[in-house]
Structures are given as structure tokens and as C-alpha cells.
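Every position in the sequence shown, counted from 1, becomes a number in the working numbering once 2 is added. Think of the CB as a built atom: it goes at the ideal place given N, C-alpha and C, for glycine as much as any other residue. Heads up, the thing below is written out as C-alpha cells.
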Amino acid sequence: MTTSSQIDQPLTVNMDRVRAFVASSPQVPVSGFLLPDTALRTVTALQGLLARKTLKDLLKTVHARSAAATDSADRLRMQIAVNALLDVEPDKLEQILTRPELIAWIAVAKASDAPTVDHKGADPLAHRLLFVLAPEVLAARLDTVPPPIRIQADTDGRLAVPRMGLLCTHVSDTGWWELSFSGNDLVVSDGTTPIIMDAQSDHVVPLQRIADGPFVVPRASAWLDAFGADSAALTPASEIEVGQFVDYFTEGAELLASHWPPAWAETAAVIEQLVPVRSQGLTPYNFSVHAFRGLIASTPRPGPMAAQILVHETGHNLMSTIIDLLPLCTNPDTRVISPVVNQERALPAVFHGCFSFGREVHLTQLLLEAGVEPVATTDMDKYLKDRTDTVREALNVLTDTADLLPAGTAIVEEVARVLAKVEGSSAL
3 MTTSSQIDQP LTVNMDRVRA FVASSPQVPV SGFLLPDTAL RTVTALQGLL ARKTLKDLLK
63 TVHARSAAAT DSADRLRMQI AVNALLDVEP DKLEQILTRP ELIAWIAVAK ASDAPTVDHK
123 GADPLAHRLL FVLAPEVLAA RLDTVPPPIR IQADTDGRLA VPRMGLLCTH VSDTGWWELS
183 FSGNDLVVSD GTTPIIMDAQ SDHVVPLQRI ADGPFVVPRA SAWLDAFGAD SAALTPASEI
243 EVGQFVDYFT EGAELLASHW PPAWAETAAV IEQLVPVRSQ GLTPYNFSVH AFRGLIASTP
303 RPGPMAAQIL VHETGHNLMS TIIDLLPLCT NPDTRVISPV VNQERALPAV FHGCFSFGRE
363 VHLTQLLLEA GVEPVATTDM DKYLKDRTDT VREALNVLTD TADLLPAGTA IVEEVARVLA
423 KVEGSSAL
């Protein structure tokens with residue numbers, strides 16, 4: 003519960019809840035990193051460990067930010083956000099603490115060029131934190147009404163709230179939204195008509211979703227545009243392309259669910275948001291951002307390719323988590339020519355490419371063995387051979403150069419087993 007007496011006090015934290023949550027941490031996995039099993043044991047453990055790391059980092063960062071705040075309303079925003087978060091049951095808390103907005107908030111707040119107070123003396127990160135945790139704030143037991151928050155509009159002027167699965171379709175004329183909490187409702191306004199963020203309201207629609215997995219966020223948020231990737235990488239998809247994206251990635255999800263069910267279950271557990279960007283035809287263009295864990299950006303690509311993207315980019319998200327949690331080698335700063343991009347990279351980047359393409363090789367073999375119709379003008383057999391050769395070269399770089407630690411050894415061995423299976427099959 004947040005009380006009015008906390009407004010001008012230092013940040014307080016329910017440490018009993020924190021200690022109990024941290025104490026329930028899963029064991030560190032030692033294998034099963036590359037290919038998920040049906041019970042998702044390794045990915046579940048990784049997500050649980052990531053959640054506890056996120057909570058520790060979040061509390062340290064909010065504490066420092068709150069102590070430096072000059073505006074009592076900003077301190078209250080951060081206090082309410084922390085209280086609402088720690089009011090959540092442990093299983094749900096794990097999910098919240100592995101979502102893109104919260105992990106990105108920490109990364110941005112800890113950066114040397116973190117946003118400072120605006121011209122009105124307000125801390126934009128205090129506003130952002132309360133926005134990210136709006137669902138928890140709405141559900142919390144508060145006797146203090148949260149102060150309003152000001153959030154920059156998405157790059158098309160609208161406002162998606164992925165954690166509520168909703169999109170405000172009204173376009174802000176100012177490029178900003180003011181949000182307020184009214185009972186159980188989140189109300190948004192661009193200075194004209196207030197809009198209740200509810201699927202039954204005018205100007206609000208549910209975000210489209212890929213099967214039972216990620217939401218499709220039709221335009222990048224200003225937050226992702228500013229801190230996740232340069233604007234050129236996020237050239238928005240047209241409305242027609244967004245529709246294609248949903249159709250293609252739904253087909254890709256169905257292919258995964260049919261031919262590699264644990265991989266789809268893993269994607270649904272790890273990835274919260276898909277952001278469509280402008281099509282480049284059949285040229286692959288997809289990426290993940292380390293700080294925005296649980297988010298994939300991609301062009302719309304036909305079903306088999308969409309399935310490959312989901313497996314590949316979920317792999318990058320998982321590898322980012324592994325790197326955050328587990329040392330892979332004793333010499334991560336060593337730089338080599340990565341066979342994946344044919345450019346100099348540090349060893350963790352080679353792990354990324356080897357891991358993600360190793361997963362994609364496994365999926366492509368499954369699709370070929372199942373007789374899935376390839377995309378016209380593409381040769382899936384040749385693609386499999388080319389990708390297998392690339393992964394083999396990357397694996398050789400790691401075995402020759404990296405001074406492997408147990409997690410790195412496990413990943414290298416798991417990739418090697420995938421390659422051995424493919425290279426020993428008639429698919430090549």
C-alpha cells in the first residue's frame with residue numbers, strides 16, 4: 003500500500019517480499035540451451051534467473067533515481083511503481099520482470115547519457131516507469147492517487163500499451179499523451195477528449211496477437227526508436243504490410259507448433275512483442291535488441307521464413323539472457339572475424355550467431371523432412387547447406403579461440419550435435 007506520507011520520504015521497499023522472491027530462484031541450468039525440451043526446463047530457469055537479476059537492478063536504479071529526484075511527484079511515481087510491482091504474486095512477477103519495457107528502462111536509466119529532468123523539472127524516467135507498470139498500479143491497493151504521467155506518442159502518433167494488449171488509435175496532435183489513473187481505469191488524453199484504455203472504448207482496439215504468443219505492435223514506440231535502434235532500422239510498415247505481417251507470422255507460428263512444438267512454446271514464453279518494419283521483399287531483415295528483451299522487429303516474410311525468424315530471433319533473446327547470467331568463456335573481449343557477418347566481432351557476438359543460426363538449421367531440416375512447401379524462388383536445401391556451413395565455421399572459431407567455461411562448452415557441444423545430425427542426413 004502507498005500512503006500520502008511517503009511522498010517526501012526516501013524510497014521504501016518491502017524487503018521481505020524481495021528476499022522471498024530471490025530465495026525462490028531456480029537452479030542454474032547446465033544444458034539444454036540450444037533446443038528446448040517439451041517441459042521448457044532450461045528456458046523457464048533462465049527466465050526465472052533473469053527476473054531476479056532484473057529486480058535487483060531495478061531496485062538499485064530506482065533507489066538512486068529517487069534519491070536524486072527534485073520533484074516530490076516523481077518520487078511518488080517511483081514509490082507507487084515499486085509498491086505495485088512488489089504486490090504481485092511470484093509467478094506473475096517473473097513474467098513482468100522479463101518484459102522488454104522494464105529491462106530497457108533499467109538499461110536506459112543506468113546509461114551515462116540517461117535522460118535528465120525536462121524543462122519543467124520532471125524526470126521522464128519516473129513517468130516512464132509508472133507507465134510500464136500501469137497494469138500493476140491499476141490492480142494495487144492504493145490510498146494515494148498516482149500523479150498523472152506524460153508519455154511521448156508512438157512514431158505514428160498513436161499509443162500502444164502492449165502490457166494491456168491495447169492500442170489507442172487516436173493520433174495525438176502534439177506527439178505526447180497525458181495518462182491518469184481513475185479508479186480501475188487508465189485514461190489517456192492528448193489535451194482534447196479523454197479516452198479510457200479499454201477495448202470497449204471508442205478509439206481503442208485490442209492489439210493483434212500471433213496465436214497465443216506475442217502481440218503485434220504496429221509502430222515502434224518513441225522509446226524503442228530513441229534507445230533501441232536507429233530510426234532507419236525501424237522504417238514503419240504500411241497498414242497493408244502490417245496485415246501481411248500478421249498473416250505470415252501466424253502461418254510461421256502454426257508451422258512451429260506443428261513441426262517443433264517446444265520451439266513455439268518457447269517463443270510464446272520469451273517474446274512479448276513483434277514490431278513490423280517496412281518490407282524489403284524476400285531479403286531478410288530482422289533483429290533483436292539486447293536491452294529490449296522479449297521484442298523482435300522484422301519485415302513481413304512468408305510463413306516458412308517467418309518460422310525461421312521466430313526461432314532465430316528468440317535464440318538471440320535467449321543468448322542475451324545467457325550472456326547476462328552465465329559466463330561463456332574467460333576471454334570474451336577477444337576479437338575475431340565472425341563467419342556470420344564476415345566482420346570483426348568480440349566472441350559473444352560469435353556465440354550469438356552460432357546459437358541462433360544453429361537453431362535455424364535444426365528447424366529448416368525439420369521443415370524439409372516434413373515436406374513443407376518452400377517459398378517460391380527459394381531453394382530450402384541450398385539454404386540449409388549454406389547456413390550449416392556458416393554455423394560450422396562459427397563453431398570452429400569458438401573451439402579454436404574461446405577459452406570455454408561450462409555454459410560455453412555446453413552450447414558448443416549442443417550446436418555440434420545439431421550439425422552432426424544435419425551433415426549426416428540425406429538433406430544435404
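| Item | Value |
| --- | --- |
| Continuous beta strand (DSSP E) stretch holding L328: start and end | Element bounds for L328: n/a, residue is neither H nor E. |
| Buried or exposed (CB count within 10 angstroms, at least 16 for buried), L284 | exposed |
| Straight-line Cα distance separating L370 from S427 | 11 angstroms |
| Exposure of M466, with buried meaning 16 or more beta-carbon neighbours within 10 Å | No information on residue 466 is available, as it lies outside the stretch 3 to 430 that the chain covers here. |
| Paired residues, beta bridge with R211 - DSSP | F217 |
| Opening and closing residue of the beta strand (DSSP E) in which S191 lies | 187-191 |
| For D232 and D115, the rounded distance between their alpha carbons | 16 angstroms |
| Distance, S358 Cα to V313 Cα | 7 angstroms |
| Enclosing alpha helix (DSSP H) for V64 [first to last residue] | 43-70 |
| Cβ pair count under 8 angstroms reaching 3, the stretch 236-243 against the stretch 161-168 | no |
| Touching by the beta-carbon criterion (3+ pairs, under 8 angstroms), the stretch 29-40 and the stretch 402-419 | yes |
| S27 vs R54 beta-carbon contact at 8 angstroms | yes |
| The stretch 67-81 touching the stretch 183-195, judged by at least three CB pairs closer than 8 angstroms | no |
| H65 beta carbon less than 8 angstroms from that of L13 | yes |
| N- and C-terminal bounds of the beta strand (DSSP E) containing Q154 | 151-154 |
| Three-way DSSP call (helix, strand, coil) for I82 in this model | helix |
| Euclidean distance between Cα positions of L397 and V417 | 8 angstroms |
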